[in-house]
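Its first residue numbered 239, the sequence shown is counted upward by one per residue in our numbering.
We put the beta carbon where it would ideally sit given N, CA and C, even for glycine.
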Amino acid sequence: MILGIHSNVAGDEHGFTAGHAWLTITEKGKTTFYGLWPDAHPNTVDNGDDSDIRVGMEAGDKAAASRYYKLSDAQADHFNALMTANVAWRYTNNCSSWASEIVWAVVREDVDADDYLGIETPRELGRNILLLEQKDPTSIHAPKALRKNPASSLGSSSS
């Protein structure tokens, strides 16, 4: 199973509110897209109190920045459990902050999305994906490998 984190914008040349970030899971050649979307967005149907994690909405989107991780069975299980959570979109819990936090929770890599005033944005997430890719490139065919046993870090909040 391969986890991807993506942004369709990268860098300050894009507006503060520009863009979108999302996650993908690729398994046996099939890719599933996960994004956090507010009920009020024109592309979504208001689902009330149900989770704002939407599946498949980004299937036609083109990423400006992407990073990929090979997941162990324990990490894959953890990701799947996180996708069943009831998550609400807020300005302080938006598509970029959510994607960044999921990657941290599953693989323990900080893909920073913090922009001005602590608001997380797709442009900052994209910029930091590109910086990580310059140092340690990944692709869907060559994802980042595990550095340690992930099962030891899943149940712990210490770093």
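Counterpart residues of residue i in DSSP-defined beta bridges
{"i": "T269", "result": "T264"}
{"i": "K382", "result": "Y307"}
{"i": "D352", "result": "E358"}
Distance CB(residue i)-CB(residue j) smaller than 7 Å
{"i": "A259", "j": "C333", "result": "yes"}
{"i": "H316", "j": "V344", "result": "yes"}
{"i": "V349", "j": "I263", "result": "no"}
{"i": "A383", "j": "A302", "result": "no"}
{"i": "Y306", "j": "T376", "result": "yes"}
{"i": "A323", "j": "S335", "result": "no"}
Own chain, CB closer than 8 Å to residue i, minus 5 neighbours either side, in chain order
{"i": "S397", "result": "Any reading at S397 needs caution, since the residue's pLDDT is 35, under 50, leaving its predicted position unreliable; the model's value is listed next. Here the set comprises R346."}
{"i": "R365", "result": "A248, G249, D250, A303"}
Closest residue to residue i among the options (Cα-Cα distance)
{"i": "T359", "options": "S377, D287, Q372, S338", "result": "S338"}
{"i": "Y329", "options": "K268, A248, D290, A383", "result": "D290"}
{"i": "V293", "options": "D353, L384, N318, Y306", "result": "N318"}
{"i": "D288", "options": "D299, L274, A297", "result": "L274"}
{"i": "K300", "options": "E362, R361, E371, N246", "result": "N246"}
{"i": "I240", "options": "K308, G267, T270", "result": "K308"}
{"i": "A314", "options": "E265, P280, N331", "result": "E265"}
Same chain only: Cβ atoms within 6 Å of residue i, ignoring 5 sequence neighbours per side
{"i": "D277", "result": "D284"}
{"i": "S304", "result": "G242, H244"}
{"i": "T282", "result": "W275"}
{"i": "D374", "result": "none"}
Limits of the unbroken alpha helix (DSSP H) element including residue i
{"i": "S334", "result": "333-345"}
Spatial neighbours of residue i in its chain, beta-carbon cut-off 7 Å, leaving aside the 5 residues before and after
{"i": "E251", "result": "none"}
Endpoints, the beta strand (DSSP E) within which residue i is located
{"i": "R292", "result": "291-293"}
{"i": "S245", "result": "240-245"}
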